[in-house]
Every structure is written in C-alpha cells, then in structure tokens.
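Residues 11 to 134 (the numbering used here) are what the sequence shown spells out, left to right.
Below: one structure, written as structure tokens.
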Amino acid sequence: PGSSIRGLGMPLGNLLDNGWAQRMLLSPSSEAIRAETANLLDVLSAVSEERALRVLDMLTSMLSHASGSGEGSSEVFKLFQKLVASPERKLYLTVRGFLGDVTDLITAEVNRILSLERRFTTDP
C-alpha cells in the first residue's frame, strides 16, 4: 500500500527511523552522497502527502544537527525548503510547534556566535 516501499515490503517509517538518512544527509565526506540522499528522499516524498510529511518530520528532527554542520547541511535545508513550499505544509509545521523549535535553534546559534566573539575579542 501507500506506506511501504514498492518491491522492498518495508514501511517508509522504518526506513526513515533507523538514522541512515541523517548520517548520509550530513556526511562530511561526500557532497555526492548528500545530494543523492536528498534526491532519494525527494522522490520518496513525492509519492504521497503522507510520505512527504514523514520526510518533513525527519528533516525537522535533524535541524539541530544540521545547523552545526556548516556547508554539509545545505542539502538538508534545500530539501526542507522544497518540502515546505505549500501553505498546507507550513500550517502542518506551525501546528506541530515548529516556530518555537526554530526560535530555540536561532537563539542557540546567536548565543554560540556571541560566545565566540567574546573569546576572540582583544578588547579588555
């Protein structure tokens, strides 16, 4: 049915829950691996709205890891941006508390930058 991957008999949830996608999307060693993983997740999410929301949930849970990965996280953010293009998905994230989560991430990043500035300042 709609929740299993054709030919594998594996539910999509199981495929996304085992952490492989996060490891591949944030792989510091290969831009090609990150790009192909993002392409695969994009194809999987295009099958149905349920799958798209599942991938979106996975990406949302990865944001704190992705924010500290520098250039290695660009594919995560590109895919995330593509998946949230529709107003319905933006509403979905809003209802699930995404705005509070992203505010916390921004606050943590600002605090990290301030800490670095304080450490490297030469002023007394």
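Think of the CB as a built atom: it goes at the ideal place given N, C-alpha and C, for glycine as much as any other residue.
Check                                                                                                       : Outcome
Curious, which full-length beta strand (DSSP E) runs of at least 3 residues does the region 99-129 contain? : none
How is the alpha helix (DSSP H) around Glu41 delimited, first residue to last?                              : 41-55
Quick check on DSSP: helix, strand or coil for Leu83?                                                       : The residue you asked about is not Leu; residue 83 is Ser in the sequence shown. In this structure, Ser83 counts as helix in the three-state DSSP scheme.
With 16 other CB atoms within 10 Å as the buried threshold, where does Glu85 fall?                          : buried
Kindly indicate the opening and closing residues of the alpha helix (DSSP H) around Ala62.                  : 59-77
Compare the beta carbon distance of Leu50 and Leu89 with 8 Å and say whether it is the shorter of the two.  : no
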